[in-house]
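Counting in our numbering, the sequence shown runs from 1 upward without gaps. Just so it is clear, CB atoms sit at the ideal spot from N, CA and C, and this is done for glycine as well. Predicted model only: the values in this text are computed from it and were never measured.
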Amino acid sequence: MQSNEYGATAKVMARNMSHDAIGEGKTGPKTVEELQISGATQKEQALKIMNLMPRICSDENIDRAYKRVYANKGAPGVDGMTVHELKNWLSQNREQLMKQLMDGTYKPRPVRKVEIPKPNGGVRKLGIPTVVDRLVQQAIAQTLMPIFDPHFSTSSYGFRPGIGAHQALEKSREYVQSGKVFVVDIDLEKFFDQVNHDILMNRIGRRIGDKCLLKCIGRFLRSGIMDNGVCEVQTEGTPQGGPLSPILSNILLDDLDKELERRGHNFCRYADDCNVYVGSLKSGERVMATLVEFLEKRLKLRVNREKSAVSPSRSTKVPGLPDLVEWMPHDSEIEY
């Protein structure tokens with residue numbers, strides 16, 4: 001049976017959803033972030049936003065992040081610290097924390113693995129960061145959101161301020177009423193567990209040129225999962241449960257949105273759940289085949305072929321509904 005602390009942690013994810021070096025000891029760029037930046041042209045690099053860490057570490061941003069983490073409550077991480085203890089910890093350690101973030105020495109703790117039941121059966125795996133790591137993630141998410149969100153597709157409804165699953169429902173009805181009576185329902189297999197770190201960091205690096213920030217995000221991705229006292233090193237995935245994962249998922253899947261827009265499709269995407277609305281079964285089967293190829297080859301994501309289908313709209317769920325709406329807070333509660 002789901003406990004209150006895990007239920008609160010699930011809401012945290014909805015409100016917000018190893019080694020640091022690759023090829024260590026070899027010559028040339030070592031980290032994923034450095035590899036991405038070194039491959040950019042001078043013009044591309046000039047368009048990147050630099051020196052973001054001072055903005056992340058500003059008193060105003062940290063205070064906002066603290067208030068959000070405290071308001072979200074949630075269960076403790078591996079160190080046992082609760083949100084009620086964070087204020088006192090921050091008053092004593094703020095200067096050291098800011099120094100570590102600014103000089104690139106901050107190292108996140110592993111996340112605590114928990115499982116909560118899904119409304120429709122099965123379990124949802126969450127990785128619960130420490131409250132300090134949640135504070136840092138929230139501070140980063142608040143800074144990334146105004147940079148990336150204006151460029152996201154209007155057909156992306158998940159984990160964005162002011163919009164959500166209910167708007168996706170209304171839009172899907174519009175598509176069906178316009179004659180798009182078949183739905184291509186794409187189900188990504190264990191999406192948050194399968195995110196390719198190199199590809200994700202490359203997508204972040206398209207707009208962000210702050211090496212210190214990129215290094216910090218990379219460390220969060222590779223911080224590991226603590227399960228029964230054993231830390232599992234993460235080489236892929238972005239665990240659900242922290243404030244940073246939702247925006248990172250949207251950054252990665254924005255490639256899918258842009259490809260669907262390029263093809264002129266009507267679609268609704270809510271996090272890793274995407275429905276494309278078409279006029280016939282034959283068109284749907286063609287769209288399904290090409291999208292599977294795009295997702296698996298371009299983004300290195302696995303499509304669950306058993307759950308993905310082309311169906312009449314009346315028999316296909318709307319992205320994010322009903323399974324997400326049953327346990328998520330109202331969309332207006334998602335803030336950055």
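{"Query": "What would DSSP say about ALA309, mapped onto helix, strand or coil?", "Result": "strand"}
{"Query": "Can you tell me which of TYR70, PRO243, THR290, GLY279 puts its alpha carbon nearest to the alpha carbon of GLU259?", "Result": "THR290"}
{"Query": "Helix, strand or coil: how does DSSP classify GLU189 here?", "Result": "coil"}
{"Query": "Alpha carbon to alpha carbon, how far is GLN167 from GLN92?", "Result": "43 angstroms"}
{"Query": "Alpha carbon to alpha carbon, how far is ASP187 from ARG305? Give it in angstroms, no decimals.", "Result": "8 angstroms"}
{"Query": "Using three-state DSSP, classify PRO161 as helix, strand or coil.", "Result": "coil"}
{"Query": "Could you compute how far the alpha carbon of ASP210 sits from the alpha carbon of CYS268?", "Result": "32 angstroms"}
{"Query": "How many angstroms separate the CA atom of MET145 from the CA atom of ASN196?", "Result": "21 angstroms"}
{"Query": "Might you give, ordered along the chain, the residues of its own chain that have their beta carbon closer than 7 angstroms to the beta carbon of LEU248, omitting 5 neighbours on each side?", "Result": "LEU200, THR238"}
{"Query": "Could you check where the alpha helix (DSSP H) with TYR277 kicks off and where it finishes?", "Result": "Element bounds for TYR277: not the alpha helix (DSSP H) but the beta strand (DSSP E), 273-278."}
{"Query": "Classify THR78 as helix, strand or coil using the three-state DSSP reduction.", "Result": "Reading off the sequence shown, one finds Val at residue 78, where the question assumed Thr. If DSSP states are grouped into helix, strand and coil, VAL78 belongs with coil."}
{"Query": "Using the three-state DSSP reduction, which class does SER223 fall into: helix, strand or coil?", "Result": "coil"}
{"Query": "Measuring straight from C-alpha to C-alpha, what distance separates ILE250 and LYS171?", "Result": "Just to set this straight, residue 250 is Asn in the shown sequence, not Ile. Computed Cα separation, rounded: 19 angstroms."}
{"Query": "With DSSP collapsed to three states, give me the class of SER156.", "Result": "strand"}
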